[in-house]
Structure formats: structure tokens, C-alpha cells
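Participant: In the working numbering, the protein residues as written are 21 to 447.
The structure that follows is given in the form of C-alpha cells.
Listed below in C-alpha cells is the structure:
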């Protein structure tokens with residue numbers, strides 16, 4: 021700026037914090053035309069550790085400097101003003117926040133004629149030992165304004181001339197950290213002033229961390245969905261969420277909503293596990309293909325083979341009769357050594373009472389002694405009503421119906437996945 025030039029203006033604002041580091045500086049010099057107007061404002065904290073030079077020459081109007089914070093103003097640097105001031109729009113240094121701190125070693129030197137330093141705190145003000153707040157120009161003054169009824173400023177450093185202490189009823193109280201309500205300047209408030217639990221002792225969001233005393237019993241990561249699990253990435257300081265809705269059925273699209281898991285039937289290509297079918301496609305939540313067998317043959321899901329079907333004009337029915345009370349399996353009487361006796365002398369896979377009148381285990385409809393893919397296939401056929409299977413064998417989740425998910429559960433168990441079966445009791 022030339023000898024008669026005027027400085028401009030600088031207006032910087034931040035939604036959270038605003039800081040000028042120790043190596044930072046703002047030059048707001050002016051000539052005869054006057055100094056600049058400098059405004060630094062933040063919703064949370066304004067931290068000044070650098071230098072603001074608002075000197076003017078040739079009797080120019082002095083600079084106006086304003087620092088405003090929703091939470092804390094911390095001054096730990098150097099601020100210089102000079103020139104012709106009027107204490108209103110020129111030669112004024114004003115700082116206002118919930119808390120205002122002038123740290124040790126700070127120099128606020130307002131040399132403007134009629135200059136004024138005005139520090140305003142809603143909740144607390146400290147001028148530390150070793151700090152200097154000077155209004156050294158002719159007619160210069162200092163004022164420390166606090167909320168009427170609030171804490172009186174603590175002055176341990178040098179304030180020259182002596183400040184006017186003003187209790188202002190117009191200054192409203194700031195929110196209190198730890199009251200459970202997020203107030204201006206706070207990014208969180210968990211009802212306490214203890215850090216390390218995701219919300220710091222100054223009510224600032226710490227991100228997700230894993231060293232809170234209640235973690236992991238009380239999760240720091242929760243997106244409000246009952247079917248998602250939040251995990252804390254401590255290195256990045258943020259939460260990640262994993263949906264827990266996979267029902268293992270390739271014929272459903274699984275999504276996690278605010279109301280819980282939703283399983284929507286799809287029409288995707290799939291594999292029904294049979295070599296004697298082709299073009300397997302999902303429909304109604306079930307995977308099924310088109311048999312590749314020739315004329316007069318069908319795909320037998322039990323053997324996974326194409327088998328011949330024969331239709332004759334004469335039907336021969338063979339009936340085996342067992343006399344009730346004969347002591348034989350299938351006579352309908354529960355004899356010693358029998359777990360069941362349904363009176364059926366011919367046992368078929370899927371029936372709960374075996375050919376030896378023993379109870380067939382849940383998940384083993386062919387009574388082979390272990391769960392296999394063929395058991396899963398029989399359950400799947402029962403789910404689509406192509407076969408019969410008693411609920412106490414094929415309703416593996418105990419929800420009262422035999423569905424594709426029951427077959428999938430058996431298939432997973434058959435390949436070694438640790439799956440708990442919960443069929444209802446046989447009756």
C-alpha cells in the first residue's frame with residue numbers, strides 16, 4: 021500500500037475451528053487512506069498463535085480487528101494496531117467467545133489514538149501471567165466484558181491502562197459441556213466431561229475409538245438399523261457398517277432396512293445341483309432347471325439321474341398287512357424297543373418313523389445317519405410340494421413351514437458348515 025493508500029478487508033469464517041499457526045501472519049497495513057478491516061470467525065474455536073499487523077502510516081485510520089468464536093477464543097501471538105482511531109470503527113481490537121484466553125507471552129499492542137481493546141466472554145475470561153494487553157496510544161482504553169452474573173475475568177497479566185470491568189446482562193449463557201444437549205460450539209454431548217468415550221471432555225467428537233470403558237458392550241458405531249453391525253476403524257477414526265441379512269439363498273436379494281432384513285425374490289441364474297437339468301433359474305425364491313432327459317424319462321432328484329417311466333394299462337397294487345399287536349414294526353402299536361410306530365409297514369424317505377420304527381433325525385430325511393446334499397434336495401422338493409417330508413425332519417429352522425431356506429440350511433450343513441438345526445418335535 022502506498023503512503024496515501026488504503027488497505028482493504030479480510031473476512032474469514034469456519035464452520036468448525038479457525039487457527040492461525042505460530043508461523044502464520046496477516047498483514048493489514050494501510051497508508052493515509054486507512055488500515056484494513058480483519059474479521060476471523062468460527063462456529064467453534066478461533067486460535068491465534070501467529071501475528072496480525074494492522075499498523076498504518078501518515079495518520080491513516082487505524083485497523084479494525086474482530087475475533088469471534090462460538091466456543092473459545094485463544095490468543096497466544098502478537099497483534100499490532102496503530103494510526104488514528106475512534107474506538108468504534110477504527111483502532112479497535114475485539115474478541116468475543118464463550119471463553120476468551122490471552123496466553124502467557126501474548127502481546128496485544130494497540131497504539132492507535134483513541135484505540136480500544138474489548139474482550140467479551142460469556143462464560144469465562146483469563147489473561148494469563150506474562151501476557152500484555154496494551155492500549156498505549158493517546159486516549160486508549162481497555163474493557164473486559166463478562167456476562168452479568170457469570171464468572172468475573174481472571175487478570176494475572178499486564179493490562180494497561182487498567183481495564184473497565186463491565187457486567188453485561190445482554191450476554192447470553194453458553195451451553196454447558198456435559199449437559200446432554202449439543203449446544204453451539206459442541207459437536208457432541210454425551211452427558212459427561214470424560215474423554216475417551218467418543219466425545220471429548222470439551223464436547224468435541226473424537227470419532228470412533230475402542231478404549232472407552234463400555235466398549236464393546238456399548239457400541240460407539242450404530243446407524244440405527246437392527247440388522248447391521250457397526251465396526252470402529254480406529255486408525256481412520258470412523259465407523260463402518262456390515263449388513264447381517266444374508267440368508268444363504270442365491271434366489272433372494274438381501275437388504276438391510278430401518279425395519280430389518282428384506283429378502284426379495286430374484287430371477288438370477290443359479291445352480292440347482294442337478295446334472296440332469298439345464299438353464300437353472302431362480303423363481304419364487306427357488307432354483308430350478310429344465311430336465312435334459314429324453315422322451316419317456318425324467319430327472320430323478322434323489323439319484324440325480326434320468327430314469328425311465330413306464331405307463332401300463334394294468335395297475336397292480338401290492339398291499340402288505342400287519343396284524344395290530346403282533347409285536348412287529350408297522351403294526352401301529354409302540355412295542356418295547358420301538359421309538360415310534362405309525363402303522364405304516366412301508367417306510368419312505370421323509371417320513372419321521374423309520375423302517376425299523378426309530379425316529380428319523382432332524383435334517384436326515386433319507387435316514388442315512390448324516391446330512392447330505394440328497395437330504396437338502398428332498399427338503400427343497402418338499403418346499404415346492406414335489407415331495408413329502410415331515411416337519412420334524414425338514415422344518416430345520418422350526419418356523420412352522422418347510423421352505424427353500426430349510427433346504428439351504430441342510431446343504432450348508434452337508435458341506436461342513438456349522439449350522440444348528442431346530443426341527444419341531446415329532447408327534
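Ideal Cβ placement from N, Cα and C applies to all residues, glycine included.
Quick one: what does DSSP say residue 390 is sitting in, helix, strand or coil?
Facilitator: Residue mapping note: residue 390 aligns to position 370 of the chain shown, counting from 1. Of the three classes helix, strand and coil, the one that applies to residue 390 here is coil, per DSSP.
Participant: List the residues that DSSP assigns as beta-bridge partners of residue 136.
Facilitator: Looking up residue 136 in the chain shown gives position 116. According to DSSP, residue 136 bridges with 112 and 161.
Participant: Check this for me: beta carbons of residue 140 and residue 120, under 9 Å apart or not?
Facilitator: In the chain shown, the residue the question calls residue 140 occupies position 120. In the chain shown, the residue the question calls residue 120 occupies position 100. Yes; because the gap between Cβ atoms is below 9 Å, this pair is in contact.
Participant: Residue 91 and residue 65: beta carbons closer than 9 Å?
Facilitator: Numbered from its first residue, the chain shown carries residue 91 at position 71. Numbered from its first residue, the chain shown carries residue 65 at position 45. Cβ atoms of residue 91 and residue 65: closer than 9 Å.
Participant: Taking only the alpha-carbon atoms, compute the straight-line gap between residue 410 and residue 201 and give it to the nearest angstrom.
Facilitator: Within the chain shown, residue 410 is the residue found at index 390, counting from 1. Within the chain shown, residue 201 is the residue found at index 181, counting from 1. The alpha-carbon atoms of residue 410 and residue 201 are separated by roughly 58 Å.
Participant: Roughly how many angstroms lie between the CA atoms of residue 332 and residue 315, to the nearest whole one?
Facilitator: Counting from one through the chain shown, the residue named residue 332 turns up at place 312. Counting from one through the chain shown, the residue named residue 315 turns up at place 295. Note that residue 332 scores a pLDDT of 46, beneath 50, so its modelled location is shaky; the value from the coordinates is reported in the next line. Rounded to whole angstroms, residue 332 to residue 315 spans 16 Å at the Cα level.
Participant: Determine, using beta-carbon pairs with one atom in the segment 363-373 and one in the segment 382-400, whether at least three such pairs fall under 8 Å.
Facilitator: At 8 Å Cβ cutoff, the stretches touch.
Participant: Is residue 406 helix, strand or coil by DSSP?
Facilitator: Here residue 406 is taken as the residue at index 386 of the chain shown, counted from 1. Of the three classes helix, strand and coil, the one that applies to residue 406 here is coil, per DSSP.
Participant: Determine the direct distance from the alpha carbon of residue 375 to that of residue 341, and round the result to whole angstroms.
Facilitator: Position 321 of the chain shown, counted from the start, is the residue given in the question as residue 341. Position 355 of the chain shown, counted from the start, is the residue given in the question as residue 375. Because residue 341 sits at a pLDDT of 38, beneath the cut-off of 50, its placement in the model cannot be relied upon, and the following sentence gives the value as read from the coordinates. Distance between the alpha carbons of residue 341 and residue 375 is about 15 Å.
Participant: Buried or exposed: which applies to residue 323, given that a residue is buried once 16 or more other Cβ atoms fall within 10 Å of its Cβ?
Facilitator: Position 303 of the chain shown, counted from the first residue, corresponds to residue 323. So residue 323 ends up on the exposed side.
Participant: Taking residue 431 as the reference, which of 352, 319 and 270 has the closest Cα?
Facilitator: Within the chain shown, the letter at position 411 stands for residue 431. Residue 270 is the option with its Cα nearest to residue 431.
Participant: Assuming residue 309 contacts residue 300 (C-beta within less than 8 Å), just tell me the rounded distance between them.
Facilitator: One-based indexing of the chain shown puts residue 309 at position 289. One-based indexing of the chain shown puts residue 300 at position 280. That belief holds up - the Cβ atoms of residue 309 and residue 300 are roughly 4 Å apart, short of 8 Å.
Participant: In this structure, how does DSSP classify residue 354 when only helix, strand and coil are distinguished?
Facilitator: Translated into the one-based positions of the chain shown, residue 354 becomes position 334. In this structure, residue 354 counts as coil in the three-state DSSP scheme.
Participant: Go to residue 59, then tell me how far its beta strand (DSSP E) extends in each direction, as first and last residue.
Facilitator: Residue 59 sits at position 39 when you count from the first residue of the chain shown. Element bounds for residue 59: 57-62.
Participant: Are residue 88 and residue 132 close, meaning C-beta to C-beta below 9 Å?
Facilitator: Here residue 88 refers to the residue found at position 68 of the chain shown. Here residue 132 refers to the residue found at position 112 of the chain shown. No, they are not a contact pair.
Participant: Spatial neighbours of residue 326 within its chain, please: C-beta separation below 8 Å, excluding the five flanking residues on both sides.
Facilitator: In the chain shown, counting from the first residue as 1, residue 326 sits at position 306. If we look at residue 326 and ignore the five residues flanking it on each side, its Cβ neighbours are 296, 311, 312, 313, 314, 317, 318, 319 and 320.
Participant: Mind checking which residues open and close the alpha helix (DSSP H) that includes residue 245?
Facilitator: Here residue 245 refers to the residue found at position 225 when the chain shown is read from its first residue. Taken as a continuous stretch (DSSP letters only), residue 245 belongs to no alpha helix (DSSP H), as it is neither H nor E.
Participant: Let me confirm a value: residue 76 is counted as buried when at least 16 other C-beta atoms fall within 10 Å, else exposed. Which label applies?
Facilitator: The sequence position of residue 76 within the chain shown is 56, counting from 1. By the 10 Å Cβ count, residue 76 comes out buried.
Participant: Would you kindly report the start and end of the unbroken alpha helix (DSSP H) that includes residue 425?
Facilitator: Position 405 of the chain shown, counted from the start, is the residue given in the question as residue 425. Unbroken alpha helix (DSSP H) run through residue 425: 424-434.
Participant: Which partner residues of residue 86 appear in the DSSP bridge assignment?
Facilitator: To locate residue 86, count along the chain shown from 1; it is residue 66. Per DSSP, 59 and 114.
Participant: Cutting at 8 Å between CB atoms, please list the residues of its own chain near residue 502, excluding the five before and the five after it.
Facilitator: Residue numbering for the chain in the displayed model covers 21 to 447; residue 502 lies beyond these limits and cannot be assessed.
Participant: Would residue 405 be called buried (16 or more neighbouring beta carbons within 10 Å of its own) or exposed?
Facilitator: As a working note, residue 405 is residue 385 in the chain shown. So residue 405 ends up on the exposed side.
Participant: Quick one: what does DSSP say residue 379 is sitting in, helix, strand or coil?
Facilitator: Translated into the one-based positions of the chain shown, residue 379 becomes position 359. Residue 379 falls in the strand class under three-state DSSP.
Participant: Can you give me the Cβ contacts of residue 343 inside the same chain, cut-off strictly under 7 Å, excluding the 5 residues immediately before and after it?
Facilitator: Here residue 343 refers to the residue found at position 323 of the chain shown. With a pLDDT of 43 at residue 343, under the threshold of 50, the predicted position of this residue should be treated as unreliable, and no value is reported.
Participant: Which term fits residue 264, buried or exposed, when burial requires 16 or more other beta carbons within 10 angstroms of its beta carbon?
Facilitator: One-based indexing of the chain shown puts residue 264 at position 244. When all chains shown are included, residue 264 counts as exposed.
Participant: By the three-class DSSP mapping on this structure, what secondary structure does residue 46 have?
Facilitator: Translated into positions along the chain shown, residue 46 becomes position 26. The answer is strand: DSSP assigns residue 46 an E or B state.
Participant: DSSP three-state label for residue 292, please.
Facilitator: Taking the first residue of the chain shown as position 1, residue 292 is located at position 272. The answer is coil: DSSP assigns residue 292 none of H, G, I, E or B.
Participant: Cα-Cα, which of 393, 129 and 124 is closest to residue 114?
Facilitator: For this step, residue 114 is matched to residue 94 along the chain shown. The option with the nearest alpha carbon to residue 114 is 129.
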